[in-house]
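Visitor:
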Amino acid sequence: MALTLTDIRKSFGAHAAVDGVSAEIDDGEFFVVLGPSGCGKSTLLRLVAGLEHLDGGEIALGGRTMSSPEHHVPPEARDVGVVFQSYALWPHMDVLGNVAFPIESGGGSRRKSREDARAHLRTVALEDFAARRPAELSGGQRQRVALARCLAGGARTVLMDEPLANLDPHLRAAMEEEIAAFHRKARATTIYITHDQREAMALASRVAVMARGQFQQIATPRGLYERPANAEVARFIGRSAVLDTTVLSGSAALAGRYVAVGGDVNGPAQVVLRPGDVALGDGPLQGRLSRVFYRGGVWEGLAEVQGLAEPLPVASHVPLRDGETVPLGITGGWALRRDMGQSPAPSQAPGHHAGRQVTAQPVE
Ligand SMILES: Nc1ncnc2c1ncn2[C@@H]1O[C@H](COP(=O)(O)OP(=O)(O)OP(=O)(O)O)[C@@H](O)[C@H]1O
Numbered sequence: 001m002a003l004t005l006t007d008i009r010k011s012f013g014a015h016a017a018v019d020g021v022s023a024e025i026d027d028g029e030f031f032v033v034l035g036p037s038g039c040g041k042s043t044l045l046r047l048v049a050g051l052e053h054l055d056g057g058e059i060a061l062g063g064r065t066m067s068s069p070e071h072h073v074p075p076e077a078r079d080v081g082v083v084f085q086s087y088a089l090w091p092h093m094d095v096l097g098n099v100a101f102p103i104e105s106g107g108g109s110r111r112k113s114r115e116d117a118r119a120h121l122r123t124v125a126l127e128d129f130a131a132r133r134p135a136e137l138s139g140g141q142r143q144r145v146a147l148a149r150c151l152a153g154g155a156r157t158v159l160m161d162e163p164l165a166n167l168d169p170h171l172r173a174a175m176e177e178e179i180a181a182f183h184r185k186a187r188a189t190t191i192y193i194t195h196d197q198r199e200a201m202a203l204a205s206r207v208a209v210m211a212r213g214q215f216q217q218i219a220t221p222r223g224l225y226e227r228p229a230n231a232e233v234a235r236f237i238g239r240s241a242v243l244d245t246t247v248l249s250g251s252a253a254l255a256g257r258y259v260a261v262g263g264d265v266n267g268p269a270q271v272v273l274r275p276g277d278v279a280l281g282d283g284p285l286q287g288r289l290s291r292v293f294y295r296g297g298v299w300e301g302l303a304e305v306q307g308l309a310e311p312l313p314v315a316s317h318v319p320l321r322d323g324e325t326v327p328l329g330i331t332g333g334w335a336l337r338r339d340m341g342q343s344p345a346p347s348q349a350p351g352h353h354a355g356r357q358v359t360a361q362p363v364e
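Quick note on numbering: the UniProt record's numbering labels position 2 of the sequence shown as 2, and the sequence is numbered without any gaps.
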């Protein structure tokens, strides 16, 4: 295991910024921590980097304890590379000097370190910018220098704290590609912090959804979307309606019909409905459309259905119009236990409903 977090805790005064986080992260994994502002993501990363001391629990890298309340390995002895939102480049050095620095300070000769630095600059397509100062680069280029410097450090573990947060959307998408390529090349275990779920889904092998200092769920992007552990995760990832109902033998009562749903729940439930669970144009229900907008090839909107407390998210390849009423059917869903506000751990949950033949029948 590359990185093991065991019940780690960190408070600032009375505020628990990281409140009992555990995870096992595999060698070479791209692990994304996703959560809203203030949920404790950066504190978690700083703890792993060794920039903060732990109050409780343990952090181990490659099986070696790095942090515990009694023991603290300093950041420079952890073999961890860090890329922050602000690029933290040395303004007085040119690009080549910035990238060569970790190699030289690791004991490499000046000539060798500059040769290696050039190779890393080639990786991020910046070899022609070697002589520039950071101030003469765009935000994206600076971020690439920071990545090259991280590569040059040769760390087995790379921590990235919202590295794309300051970039415009186009540049972000391009840099996402670059970070994915960087990871394929370096194969370093990567812990990547973001509050952008689209970015998380695009990059991660697994995502931990964090709220109030705790991991709500750790799963693949698909697992999070299709089998959220609780309503909070369901609402945070993608579009959904979360409806209170009862599920008996895999059937949920929704708008006067029974709908077969996934999830190992029998009794009071919350059912998560995604756009893929709503068939538009055909079905026993009527939906009044609102908030319709065109999202490149797909129309998205909400459908208000009598008897449902929340509008359903819908998507269509044929044009939708605000205010129009369309027939629709609910073809599936994912059930969460209502009493605990949580479904069983995803690993114990049965296969997802996707693709399952579902029939909506009138409630007797
Ligand atoms: N050095 C500090 N002293 C006091 N409180 C702190 C300190 N660092 C962080 N906090 C508090 O701990 C909580 C978690 O902060 P943290 O920076 O980890 O959140 P975050 O999820 O990274 O947020 P953001 O996405 O806005 O950067 C916040 O309430 C923050 O105000």
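Ideal Cβ placement from N, Cα and C applies to all residues, glycine included.
1. Return the first residue and the last residue of the beta strand (DSSP E) that T157 is part of.
2. Whole angstroms are fine: how far does the CA of A229 sit from the CA of L126?
3. For the alpha helix (DSSP H) containing D116, list its first residue and its last residue.
4. So does H53 have its beta carbon nearer than 6 angstroms to some heavy atom of ligand 1?
5. Consider the Cβ of V305: report whether some Cβ of chain D lies at a distance smaller than 7 angstroms.
6. Could you pull out every residue in the same chain whose Cβ sits closer than 7 angstroms to the Cβ of T245, ignoring the five residues on either side in sequence?
7. Any idea which residues DSSP pairs G262 with across the strands?
8. Under 6 angstroms Cβ to Cβ from G341, same chain only, skipping five residues before and after it: list those, please.
9. Considering only residues of the same chain and omitting the five flanking positions on each side of M175, which have a CB-CB separation below 8 angstroms?
10. Quick test of the definition: if touching needs 3 or more C-beta pairs under 8 angstroms, does the segment 104 to 117 touch the segment 62 to 78?
11. Mind checking P221: buried by the 16 CB within 10 Å criterion, or exposed?
12. Keeping to the same chain, check which residues put their C-beta closer than 8 angstroms to that of S343; ignore five residues upstream and five downstream.
13. Leaving out five residues on either side along the sequence, give the residues of the same chain with a beta carbon under 6 angstroms from the beta carbon of H183.
14. Give the range of the beta strand (DSSP E) segment to which T43 is assigned.
15. Determine which residues share a DSSP beta bridge with I59 and list them.
16. Can you tell which of L147, T325, P311 and D196 has its C-alpha closest to the C-alpha of D282?
17. Do A135 and L121 have their C-beta atoms within less than 7 angstroms of each other?
18. Does the Cβ-Cβ distance between V209 and L34 come in under 7 angstroms?
19. So does A17 have its beta carbon nearer than 6 angstroms to some heavy atom of ligand 1?
20. Relative to the C-alpha of L273, which residue among R291, A241 and S205 is closest?
21. Pick helix, strand or coil for S343, following the three-state DSSP scheme.
22. Considering only residues of the same chain and omitting the five flanking positions on each side of V21, which have a CB-CB separation below 6 angstroms?
23. I need the boundaries of the beta strand (DSSP E) containing I218, first residue and last residue.
24. Of the residues L137, L312 and A211, which one's Cα is nearest the Cα of V292?
25. Tell me, to the nearest whole angstrom, how far the beta carbon of V80 is from that of V124; I am working on the premise that it is less than 8 angstroms.
26. Please classify A204: is it buried, with 16 or more other beta-carbons within 10 angstroms of its beta-carbon, or exposed?
27. Rank P169, A188, G213 and G223 by C-alpha distance to the C-alpha of E199 and give the top, closest one.
28. Just to confirm the assignment, what range does the alpha helix (DSSP H) spanning R187 have?
29. Taking the C-alpha atoms as reference points, what is the distance between A23 and G153?
30. Short of 8 angstroms in beta carbon distance, which residues of its chain neighbour G329, apart from the five on each side in sequence? Order them along the chain.
31. Can you tell me whether DSSP reads V242 as helix, strand or coil?
32. Please report the residue range of the beta strand (DSSP E) in which G38 lies.
33. Taking C-alpha atoms, which residue in G28, D128 and P36 lies nearest to D94?
34. So what's P75 in DSSP terms, helix, strand or just coil?
35. Roughly how many whole angstroms lie between the Cα atoms of S138 and L302?
36. Which first and last residues belong to the alpha helix (DSSP H) in which Q270 is found?
Guide: The answer reads as follows:
1. T157 to D161
2. 43 angstroms
3. R110 to T123
4. no
5. This model lacks chain D altogether, as it is built from one protein chain only.
6. Correct list, in chain order: A252, A253, L254, A269 and V271.
7. Per DSSP, W334.
8. The pLDDT assigned to G341 is 42, lower than 50, so where the model puts this residue is not dependable, and the model offers no usable value.
9. G140, Q143, R144, P163, L164 and L167
10. no
11. That one is buried.
12. For S343, the predicted model reports a pLDDT of 43, less than 50, meaning its position is unreliable and no value from the coordinates is stated.
13. F30 and T190
14. Per DSSP, T43 belongs to no beta strand (DSSP E); it is in the alpha helix (DSSP H), K41 to A49.
15. L5 and S67
16. T325
17. Contact flag unset, no.
18. yes
19. yes
20. Checked all of R291, A241 and S205; the closest Cα to L273 is A241.
21. Legend: pLDDT at S343 = 43, less than 50; position of this residue unreliable, value from coordinates given subsequently. In this structure, S343 counts as coil in the three-state DSSP scheme.
22. Once the five neighbours on either side are set aside, the close Cβ partners of V21 are L5, I8 and F215.
23. For I218, the enclosing beta strand (DSSP E) stretches over residues Q214 to A219.
24. L312
25. Contact doesn't hold; Cβ gap of about 20 angstroms is too wide.
26. buried
27. P169
28. It is not in any alpha helix (DSSP H) - R187 carries neither H nor E in the DSSP assignment.
29. 25 angstroms
30. V278, A279, D282, G283, P284, L285 and A360
31. In this structure, V242 counts as strand in the three-state DSSP scheme.
32. Segment: none, G38 is in no beta strand (DSSP E) and carries neither H nor E.
33. D128
34. helix
35. 40 angstroms
36. Segment G267 to L273 is the beta strand (DSSP E) holding Q270; no alpha helix (DSSP H) there.
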